[in-house]
Amino acid sequence: TQPAPRPDGCSRVTGRYRGRIAPSPTGYLHMGHARTFWAAAQRAAMAPGGGTVVLRNDDLDGDRCRPEYVAGALEDLAWLGCVWQEG
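Residue numbers (this note's numbering): 1028 to 1114.
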């Protein structure tokens, strides 16, 4: 069985926070995406020992995914001042 997550969101293995956002590019980002990414970035910045934010492009629905949605997401996140370390 997997150990229970720590209440601070940090890994029990490394002790570092690792947050991610993985929107599916089947439409433009919405405020929920922005809020989730902002929260992950804040937790990474405040985590003891630092943290990592990962942006993952979950393009699992090939019929509805569009390159303009990926480009729009990157542009919107940059406009919001969001920074990620991986992805």
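Here a beta-carbon is modelled for each residue, glycine too, at the ideal position from N, C-alpha and C. Quantities reported herein were computed from a predicted structural model and do not represent experimental measurements.
DSSP lists Ile-1048 as the beta-bridge partner residues of Leu-1082. At least 8 Å separates the beta-carbon of Arg-1045 from that of Gly-1076.
Residue pairing for Glu-1113: DSSP places it in a beta bridge opposite Val-1081.
Shown here, Tyr-1055 sits in coil according to DSSP, grouped into three states, outside any helix or strand. A straight line joining the alpha-carbon of Ala-1067 with that of Gly-1059 spans about 12 Å. According to the DSSP assignment, Leu-1101 belongs to the alpha helix (DSSP H) that extends over 1094–1106.
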